[in-house]
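J.:
In my numbering, the protein residues as written are 21 to 367.
This is the structure in structure tokens:
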């Protein structure tokens with residue numbers, strides 16, 4: 021038996037075995053990579069067919085069929101169409117680019133852009149499908165994860181949105197405010213618990229996340245259940261000045277409030293005079309002095325600016341409609357002409 025295995029101690033035999041093993045492993049790896057590439061390409065082709073659109077514009081159809089135009093140029097043109105709001109053309113171009121693109125990284129980018137275009141167009145279920153397809157190519161794509169979370173939020177599927185935030189958190193993203201906001205929404209739209217319990221849970225949540233104080237007050241107004249004046253005085257009133265300005269005092273009497281900004285607003289509204297301290301807001305001071313001078317043709321409106329992208333909107337937002345940042349709304353009072361009219365009788 022010793023003589024039989026003597027050749028196994030030959031160094032050349034060992035090298036042959038080693039190189040043979042390397043060759044077999046390399047061949048299997050190459051074959052598997054080619055198979056997966058073909059499978060991925062077939063999957064993308066089948067995926068594209070689900071989203072094909074029909075256009076009646078001949079020039080647009082010619083553009084899609086022109087293979088001399090590089091995919092990069094088509095992607096740039098699609099981006100321009102998206103910015104101008106022509107989502108149908110943008111989607112058609114992105115689908116063509118996706119079909120022609122071979123590199124995995126480029127497909128990942130195009131899928132993310134296509135998902136965002138469907139998102140802006142309001143086709144949330146389609147954008148969900150596309151972001152999920154993008155994550156199949158690269159599960160660590162933060163852009164796709166971010167928009168997928170916002171998509172689930174708009175679809176009111178808050179548990180799914182929170183699961184996506186877990187993935188973002190694993191990648192190092194700060195999601196504390198987003199998680200708290202989604203939790204607040206899940207409380208409000210949970211029809212299995214009564215309104216008073218919702219109010220209690222929102223109060224507890226707002227103590228940990230101050231920007232949700234506004235959500236608590238809004239919900240209290242909605243269900244006509246005032247919160248305590250002591251609790252309101254502890255809030256960041258600068259984030260509530262529009263709600264305080266328009267608040268019905270049959271709902272909540274604020275005259276006993278100890279908060280200086282609330283007192284300032286009451287003075288500007290002419291509800292409680294005698295505010296003798298320096299006004300924090302110039303606009304409140306102007307309206308206060310005008311009303312004391314019996315000039316009632318001026319009033320206040322409010323505009324809301326995102327501290328991240330600096331865009332301004334006419335309505336309050338928790339998530340910026342433009343950049344989708346959370347808790348970045350800055351409230352600015354604006355002096356405008358009052359709609360006040362004298363009661364004229366024609367009799």
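All C-beta atoms in this analysis are idealised placements derived from N, C-alpha and C, irrespective of residue type, glycine included.
Between the stretch 205–221 and the stretch 235–244, do three or more beta carbon pairs fall short of 8 Å?
T.: Yes: at least three Cβ pairs fall under 8 Å.
J.: So for residue 320, helix, strand or coil by DSSP?
T.: In the chain shown, the residue the question calls residue 320 occupies position 300. Correct three-state label for residue 320: strand.
J.: Which residues does DSSP pair with residue 326 in a beta bridge?
T.: Locating residue 326 in the chain shown gives position 306, counting from the first residue. DSSP output for residue 326 lists 349 as bridge partner(s).
J.: Residues in its own chain within less than 7 Å of residue 124 by CB, not counting five upstream and five downstream?
T.: Counting from 1 along the chain shown, the entry for residue 124 is found at position 104. Excluding positions up to five away in sequence, the list reads 157.
J.: So the candidates are 171, 155, 130, 163; which of them puts its Cα closest to the Cα of residue 143?
T.: Translated into positions along the chain shown, residue 143 becomes position 123. Looking at the Cα atoms, 171 is the closest of the given residues.
J.: Residue 361 by DSSP, collapsed to three states: which one?
T.: Along the chain shown, one-based indexing puts residue 361 at 341. Annotation note: pLDDT 47 at residue 361 (below 50); position unreliable, coordinate value reported separately. Coil.
J.: Leaving aside the five residues before and after residue 146 along the sequence, list all residues of the same chain whose C-beta is less than 6 Å from its C-beta, in chain order.
T.: Counted from its first residue, the chain shown places residue 146 at position 126. Correct list, in chain order: 138.
J.: Provide the residue(s) that pair with residue 355 in DSSP beta bridges, ordered along the chain.
T.: Residue mapping note: residue 355 aligns to position 335 of the chain shown, counting from 1. BP columns for residue 355 point to 320.
J.: On the CB-based measure, 16 or more other CB atoms within 10 Å of its CB, does residue 201 come out buried or exposed?
T.: By 1-based counting over the chain shown, the position of residue 201 is 181. When all chains shown are included, residue 201 counts as buried.
J.: When the Cα atoms are used, what is the spatial distance from residue 361 to residue 314?
T.: Here residue 361 is taken as the residue at index 341 of the chain shown, counted from 1. Here residue 314 is taken as the residue at index 294 of the chain shown, counted from 1. Its pLDDT being 47, under 50, residue 361 is placed unreliably in this model, and the value from its coordinates should be taken loosely. Cα-Cα distance, rounded: 14 Å.
J.: State the DSSP-derived secondary structure class of residue 37, mapped to helix, strand or coil.
T.: The residue given as residue 37 occupies position 17 in the chain shown. Residue 37 falls in the helix class under three-state DSSP.
J.: What number of angstroms, rounded off, separates the C-alpha of residue 240 from the C-alpha of residue 251?
T.: Walking along the chain shown from the start, residue 240 turns up at place 220. Walking along the chain shown from the start, residue 251 turns up at place 231. Using only the alpha carbons, I get a separation of about 13 Å.
J.: Rounded to a whole number of angstroms, what is the C-alpha to C-alpha distance between residue 136 and residue 341?
T.: Within the chain shown, the letter at position 116 stands for residue 136. Within the chain shown, the letter at position 321 stands for residue 341. Going from the Cα of residue 136 to the Cα of residue 341 covers about 13 Å.
J.: Return the Cβ separation of residue 261 and residue 243 in integer angstroms, given the expectation that the two are a contact with Cβ distance under 8 Å.
T.: Position 241 of the chain shown, counted from the first residue, corresponds to residue 261. Position 223 of the chain shown, counted from the first residue, corresponds to residue 243. That pair is no contact at about 22 Å.
J.: Using the rule of at least 16 other Cβ atoms within 10 Å of the residue's Cβ for burial, across every protein chain shown, is residue 191 buried or exposed?
T.: In the chain shown, residue 191 corresponds to position 171, counting from 1. With fewer than 16 Cβ atoms within 10 Å of its Cβ, residue 191 is classed as exposed.
J.: Would you mind working out which of 318, 319, 336, 320 sits nearest residue 326, comparing C-alpha positions?
T.: As a working mapping, residue 326 is identified with position 306 in the chain shown. Here the closest residue by C-alpha is 336.
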